[in-house]
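K.L.:
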Amino acid sequence: MLSKADNQLLTQTDSGTPMGDLFRRYWIPVANSEELIADGKPQRIRLLGEDLVAFRDTKGDVGLVDERCPHRGTSLYYGINDGCGLRCMYHGWKFDTNGDCVEIPSEEEDGKFRKSIKLKNYPIQEAGGVIWTYMGPAEAEPPLPDFHWLGLSRENKLIERVWQECNYAQAMENDLDFVHAAFLHRAHGEQELTSEGVLSSDLGIDPDHPLVKNPPVKQAVQDTNYGKRCVAVGIGNETENAFMEIHYIFPFYTYPPRFAGEDGMWHAFIPRDDNSTWVWDVQFSHDREIDVQAQHDRRGLTLDEDLRKYKNLENEYDQDRLLQKEGNFTGIRGIANQDHAATETMGPIVDRSIERLGTSDLPVIQMRRLLLRQVKAFQKDQEPMQLENASLRTLLSEGLYDDNQKTWQEAFPLKERFEKKKEVKS
Ligand code: FES
Ligand SMILES: [Fe+2]
Numbered sequence: 008m009l010s011k012a013d014n015q016l017l018t019q020t021d022s023g024t025p026m027g028d029l030f031r032r033y034w035i036p037v038a039n040s041e042e043l044i045a046d047g048k049p050q051r052i053r054l055l056g057e058d059l060v061a062f063r064d065t066k067g068d069v070g071l072v073d074e075r076c077p078h079r080g081t082s083l084y085y086g087i088n089d090g091c092g093l094r095c096m097y098h099g100w101k102f103d104t105n106g107d108c109v110e111i112p113s114e115e116e117d118g119k120f121r122k123s124i125k126l127k128n129y130p131i132q133e134a135g136g137v138i139w140t141y142m143g144p145a146e147a148e149p150p151l152p153d154f155h156w157l158g159l160s161r162e163n164k165l166i167e168r169v170w171q172e173c174n175y176a177q178a179m180e181n182d183l184d185f186v187h188a189a190f191l192h193r194a195h196g197e198q199e200l201t202s203e204g205v206l207s208s209d210l211g212i213d214p215d216h217p218l219v220k221n222p223p224v225k226q227a228v229q230d231t232n233y234g235k236r237c238v239a240v241g242i243g244n245e246t247e248n249a250f251m252e253i254h255y256i257f258p259f260y261t262y263p264p265r266f267a268g269e270d271g272m273w274h275a276f277i278p279r280d281d282n283s284t285w286v287w288d289v290q291f292s293h294d295r296e297i298d299v300q301a302q303h304d305r306r307g308l309t310l311d312e313d314l315r316k317y318k319n320l321e322n323e324y325d326q327d328r329l330l331q332k333e334g335n336f337t338g339i340r341g342i343a344n345q346d347h348a349a350t351e352t353m354g355p356i357v358d359r360s361i362e363r364l365g366t367s368d369l370p371v372i373q374m375r376r377l378l379l380r381q382v383k384a385f386q387k388d389q390e391p392m393q394l395e396n397a398s399l400r401t402l403l404s405e406g407l408y409d410d411n412q413k414t415w416q417e418a419f420p421l422k423e424r425f426e427k428k429k430e431v432k433s
């Protein structure tokens with residue numbers, strides 16, 4: 008449970024809000040590299056309540072600029088992308104990827120007026136098949152976080168960006184919730200999986216998988232140098248327990264639980280605005296090509312051009328009551344659809360002042376606390392938490408089976424390189 012004031016602090020991310028300004032101090036995935044082609048159609052991308060346009064110019068450079076033309080406000084999304092710039096369709100003003108105005112056809116060429124025109128733009132880096140931006144003050148720009156999957160070859164990854172119709176915080180809370188898998192994602196029968204490494208079918212997760220078999224009742228959360236490590240212990244088989252982990256990487260990235268042999272998964276929850284989120288899903292395999300079709304099928308999302316779901320709240324996610332009796336717990340096909348249904352039906356911003364949290368909500372509570380503690384310190388001019396690339400590079404979710412007589416600390420300790428350094432009090 009949170010006070011109404013803390014709920015507001017947690018969920019509001021427009022420019023000028025405390026959480027919005029804190030989030031602007033971290034690198035944000037904007038679009039899949041393949042979404043933008045040189046001199047191709049620009050993309051309209053709302054981020055943290057700001058209406059932006061992304062385009063790739065003739066040279067291949069990417070610009071992320073204000074959607075609104077500085078002349079009289081026409082949308083640059085409709086503009087002409089060629090000759091190393093984006094030209095407004097109204098009076099032909101043209102801008103490059105740095106937001107500099109390079110041509111005003113109706114003005115004298117001398118450039119004084121033209122040079123005084125600047126289109127808001129944000130820096131871009133491209134890495135791992137993703138276009139990233141940083142929306143904070145230039146002097147505080149951190150290095151791009153070097154997530155493990157960035158270095159894998161393109162064939163080993165499926166990268167998907169989806170528009171989710173709720174606030175980022177409740178979408179992200181779902182990812183730190185071990186217990187929901189045993190219900191929301193439970194398939195009633197054994198699942199025939201089409202490919203090695205794939206966790207589930209579109210019905211859900213096999214009832215015998217440790218994530219589903221018994222909802223883990225033992226959970227712990229540890230402070231780390233990237234955020235929080237959430238650990239759960241479930242029943243594996245007669246002699247072994249399944250030890251699972253979720254990594255919460257401050258402030259909006261996660262690695263959900265995975266076991267050896269399963270494809271890895273990374274998520275990011277980027278506020279589109281306060282009522283909607285860009286949810287990023289990267290499925291990756293370490294040593295083989297990813298089965299893109301199998302991963303798409305199990306996630307079960309069908310998206311329109313704007314990356315919104317065809318199955319949604321309006322059509323009740325195509326819930327099938329017979330399937331609910333016979334096929335899976337929800338009657339909804341697709342793991343990702345199931346997650347979206349659970350979090351979107353809460354309403355766009357859930358009222359955390361009336362919720363009733365149990366012991367199973369420990370990771371959610373800890374994540375909120377860290378965010379609120381950091382944002383309150385940030386309001387008092389303290390620098391926010393820095394991510395360390397030496398640590399991120401090797402971070403993954405690595406569930407394992409071990410003797411059920413062992414404690415989780417014995418079987419599944421935190422690796423030393425992820426330990427949080429003790430704060431030195433002066
Ligand atoms: S409004 Fe864009 S050029 Fe006039
Ligand atoms: Fe889920």
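In the working numbering, the protein residues as written are 8 to 433. Ideal Cβ positions, reconstructed from N, Cα and C, are used throughout, including at glycine.
For ligand 1, which residues count as neighbours when the test is a C-beta closer than 7 Å to any heavy atom?
P.N.:
Going by the Cβ distance cut-off, the answer is Cys76, His78, Arg79, Gly80, Thr81, Cys95, Tyr97, His98, Gly99, Trp100.
K.L.:
Determine whether the beta carbon atoms of Lys131 and Leu93 lie at a separation below 7 Å.
P.N.:
The question names Lys, yet the displayed sequence has Ile at residue 131. Contact: no.
K.L.:
Would you mind listing the alpha helix (DSSP H) stretches within the stretch 364-432 that are 4+ residues and don't spill past its ends, in chain order?
P.N.:
With a minimum length of 4 residues, the continuous alpha helix (DSSP H) runs that stay inside the stretch 364-432 are 369-386, 396-399, 415-418.
K.L.:
I need the boundaries of the beta strand (DSSP E) containing Lys66, first residue and last residue.
P.N.:
Taken as a continuous stretch (DSSP letters only), Lys66 belongs to no beta strand (DSSP E), as it is neither H nor E.
K.L.:
Judging by CA-CA distance, which residue of His98, Cys91, Ile87, Gly86 is the nearest neighbour of Arg79?
P.N.:
Comparing Cα-Cα distances from Arg79 to each of His98, Cys91, Ile87, Gly86, the minimum goes to His98.
K.L.:
I'd like the list of long-range same chain contacts for Gly86, defined as Cβ closer than 6 Å, with 5 residues on each side in sequence excluded.
P.N.:
Excluding residues within five positions, the ones whose Cβ falls inside 6 Å are Leu93, Arg94, Cys95, Met96.
K.L.:
Below 7 Å CB to CB, which residues in the same chain sit around Ala134 once its five sequence neighbours on both sides are set aside?
P.N.:
Excluding positions up to five away in sequence, the list reads Leu151, Leu157.
K.L.:
Taking C-beta to C-beta, are Gly406 and Pro222 nearer than 7 Å?
P.N.:
Not in contact: Gly406 and Pro222 (Cβ atoms no closer than 7 Å).
K.L.:
The alpha helix (DSSP H) that contains Thr350, what's its start and end?
P.N.:
Per DSSP, Thr350 belongs to the alpha helix (DSSP H) from 342-351.
K.L.:
Decide yes or no for the touch test of the stretch 398-416 against the stretch 42-58: beta carbon pairs closer than 8 Å, at least 3 of them.
P.N.:
With the cut-off at 8 Å, the stretch 398-416 and the stretch 42-58 do not touch.
K.L.:
Is it true that the CB of Ala194 sits closer than 7 Å to the CB of Asn335?
P.N.:
Yes, they are a contact pair.
K.L.:
Which one of Trp100, Tyr33, Asp68, Ala176 has the shortest CA to CA distance from Arg376?
P.N.:
Considering only alpha carbons, the answer is Ala176.
K.L.:
Please report the straight-line C-alpha distance between Lys119 and Ile372, rounded to a whole angstrom.
P.N.:
C-alpha separation (whole angstroms): 55 Å.
K.L.:
Do Ala249 and Pro217 have their C-beta atoms closer together than 7 Å?
P.N.:
A contact, by the Cβ cut-off of 7 Å.
K.L.:
By DSSP's criteria, Arg75 is part of a beta bridge. Which residues make up the other side?
P.N.:
DSSP output for Arg75 lists Ser82 as bridge partner(s).
K.L.:
Is the closest heavy atom of ligand 2 to the C-beta of Asp346 under 6 Å?
P.N.:
Checking the Cβ of Asp346 against ligand 2 gives yes.
K.L.:
I'd like the ranges of any beta strand (DSSP E) spanning at least 3 consecutive residues and lying wholly in the stretch 253-336.
P.N.:
Correct list: 260-262, 271-280, 283-291.
K.L.:
Is it right to say Gly23 is buried, meaning 16 or more other beta carbons lie within 10 angstroms of its own, or is it exposed?
P.N.:
Answer is exposed; the Cβ neighbour count stays below 16.
K.L.:
By the 10 Å Cβ neighbour count, where 16 or more other Cβ atoms means buried, how is Met179 classified, buried or exposed?
P.N.:
Met179 is buried by the Cβ-count criterion.
K.L.:
Compute the Euclidean distance between the alpha carbons of Thr284 and Ala267, then round it to the nearest angstrom.
P.N.:
Thr284 and Ala267: Cα-Cα distance of roughly 30 Å.
K.L.:
Check whether the Cβ atoms of Glu41 and Asp58 lie closer than 7 Å to each other.
P.N.:
Not in contact: Glu41 and Asp58 (Cβ atoms no closer than 7 Å).
K.L.:
What is the DSSP secondary structure of Asn14, reduced to helix, strand or coil?
P.N.:
Asn14: helix per DSSP, three-state reduction.
K.L.:
Please report how far the alpha carbon of Gly271 lies from the alpha carbon of Asp153, in whole angstroms.
P.N.:
Taking the straight line joining both Cα atoms gives about 16 Å.
K.L.:
Is the CB-CB distance between Leu126 and Gly106 below 7 Å?
P.N.:
Yes. Within cutoff.
K.L.:
On a CA-only basis, which of Trp139, Asp103, Arg121, Arg63 is nearest Ala275? Give me that one, please.
P.N.:
Measuring from the Cα of Ala275, the nearest candidate turns out to be Trp139.
K.L.:
Would you kindly work out how many angstroms separate the C-alpha atoms of Tyr33 and Leu330, rounded to a whole number?
P.N.:
Whole-angstrom Cα-Cα distance: 42 Å.
K.L.:
Decide if the stretch 198-215 is in contact with the stretch 230-245; the criterion is three or more beta carbon pairs, one per stretch, under 8 Å apart.
P.N.:
The stretch 198-215, when compared against the stretch 230-245, does not touch it at the 8 Å Cβ threshold.
K.L.:
Under 8 Å, with one C-beta from each stretch per pair, do the stretch 185-204 and the stretch 289-299 reach the 3-pair mark?
P.N.:
The stretch 185-204 is in contact with the stretch 289-299.
K.L.:
Can you tell which of Glu269, Thr261, Leu183, Lys413 has the C-alpha that lies nearest to the C-alpha of Ser367?
P.N.:
Considering only alpha carbons, the answer is Leu183.
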